[in-house]
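Visitor:
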Amino acid sequence: MNQLPDIVRDFERVSPDLVRQASAFQPAILADVAGRRGALHGRIRALRHRMKLAGSALTVEVRPGDNLMIHAAIALAKPGDVLVIDGKGDQSAALMGTIMMNACRQVGIAGVVIDGAVRDSAEIDEMDFPVFSVGTNPNGPTKLAPGRIGHTVSVGGVAVRSGDLIVGDADGVVVVEREKVEAFIRAAKLKVEEETARIEAIARGDTTAKWLVASLRKAGVLKEHETL
Numbered sequence: 000m001n002q003l004p005d006i007v008r009d010f011e012r013v014s015p016d017l018v019r020q021a022s023a024f025q026p027a028i029l030a031d032v033a034g035r036r037g038a039l040h041g042r043i044r045a046l047r048h049r050m051k052l053a054g055s056a057l058t059v060e061v062r063p064g065d066n067l068m069i070h071a072a073i074a075l076a077k078p079g080d081v082l083v084i085d086g087k088g089d090q091s092a093a094l095m096g097t098i099m100m101n102a103c104r105q106v107g108i109a110g111v112v113i114d115g116a117v118r119d120s121a122e123i124d125e126m127d128f129p130v131f132s133v134g135t136n137p138n139g140p141t142k143l144a145p146g147r148i149g150h151t152v153s154v155g156g157v158a159v160r161s162g163d164l165i166v167g168d169a170d171g172v173v174v175v176e177r178e179k180v181e182a183f184i185r186a187a188k189l190k191v192e193e194e195t196a197r198i199e200a201i202a203r204g205d206t207t208a209k210w211l212v213a214s215l216r217k218a219g220v221l222k223e224h225e226t227l
């Protein structure tokens with residue numbers, strides 16, 4: 000049986016053009032057209048409300064409190080990658096800070112999503128570099144433990160493969176499987192058109208959702224011929 004090495008260097012990424020197109024949509028729209036799937040747990044949030052990111056995932060798995068493999072991933076990353084780090088949800092030590100974030104920006108990394116803690120949040124804010132994490136902690140990490148790069152990881156309760164599309168904003172982060180990006184972009188465009196039309200109808204005074212009465216009847220709240 001063939002076994003993947005701990006560091007997988009070669010994988011297919013989402014094209015820059017598709018990343019650009021996808022970045023025009025809120026993660027909420029992409030999650031909706033994906034069947035309400037792919038959104039990371041809400042514990043992983045933008046370090047600052049205004050932060051946004053879009054790019055192909057470069058996955059990293061580390062031991063709690065150790066960032067050795069993150070340093071390796073920065074050295075291997077290509078411009079436009081988003082580091083997606085399975086830090087096991089640990090908040091006892093920060094896995095990244097200002098020095099590493101500056102290195103990320105210098106090599107063209109589009110942002111960081113980490114199921115773990117970071118530090119130097121004020122400096123990262125001043126950098127305006129997109130970081131999504133479970134929080135902050137002033138403790139520094141160790142640099143001792145082995146891990147993996149490029150393997151499928153679980154981050155925020157969602158499986159993420161290297162090469163999948165990552166989109167984040169103030170609402171959180173959504174993952175789209177690389178093979179489905181084009182189809183979801185088409186669906187997202189239609190969704191935005193529908194929502195725009197609905198908002199325009201609300202502005203004209205049409206505030207009741209067309210599906211509401213039928214759903215209330217199906218749920219048993221209203222009888223068959225009853226209405227609101």
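Going by our numbering, the residue at position 92 of the sequence shown is 91; the numbering climbs one at a time, nothing skipped.
No residue lacks a Cβ here, since even glycine has one placed at the ideal position from N, Cα and C.
These numbers were taken from a predicted model, which means no experiment stands behind them.
Does the structure place the region 137-154 close enough to the region 78-96 that three or more beta carbon pairs sit under 8 Å?
Guide: The region 78-96 is in contact with the region 137-154.
Visitor: Quick test of your reading: G54 and G79, contact by CB under 8 Å. State the CB separation rounded to the nearest angstrom.
Guide: Confirmed, about 5 Å.
Visitor: Please state whether DSSP places L29 in a helix, a strand or coil.
Guide: The answer is helix: DSSP assigns L29 an H, G or I state.
Visitor: Whole angstroms is fine: what's the gap from A45's alpha carbon to A71's?
Guide: Approximately 24 Å between the Cα atoms of the pair.
Visitor: Leaving out five residues before and five after L215 in sequence, what residues of the same chain have Cβ atoms less than 7 Å from its Cβ?
Guide: Counting only Cβ-Cβ distances below 7 Å, and skipping sequence neighbours, we find L221.
Visitor: DSSP three-state call for S120: helix, strand or coil?
Guide: In this structure, S120 counts as helix in the three-state DSSP scheme.
Visitor: Closer than 8 Å by C-beta to I6: which residues in its own chain qualify, once you throw out the five before and the five after it? Chain order, please.
Guide: The answer, listed in chain order, is A71, L75, R147, I148, G149.
Visitor: Name the DSSP beta bridge partners of F131, please?
Guide: Paired residue(s): A45, V112.
Visitor: Apply the 10 Å Cβ neighbour rule to L227 and answer buried if 16 or more other Cβ atoms are within range, or exposed otherwise.
Guide: So L227 counts as exposed.
Visitor: With DSSP as the reference, identify every bridge partner of A53, one or two as the case may be.
Guide: BP columns for A53 point to V166.
Visitor: Using only the alpha-carbon positions, how far apart do A202 and Q25 sit?
Guide: Taking the straight line joining both Cα atoms gives about 22 Å.
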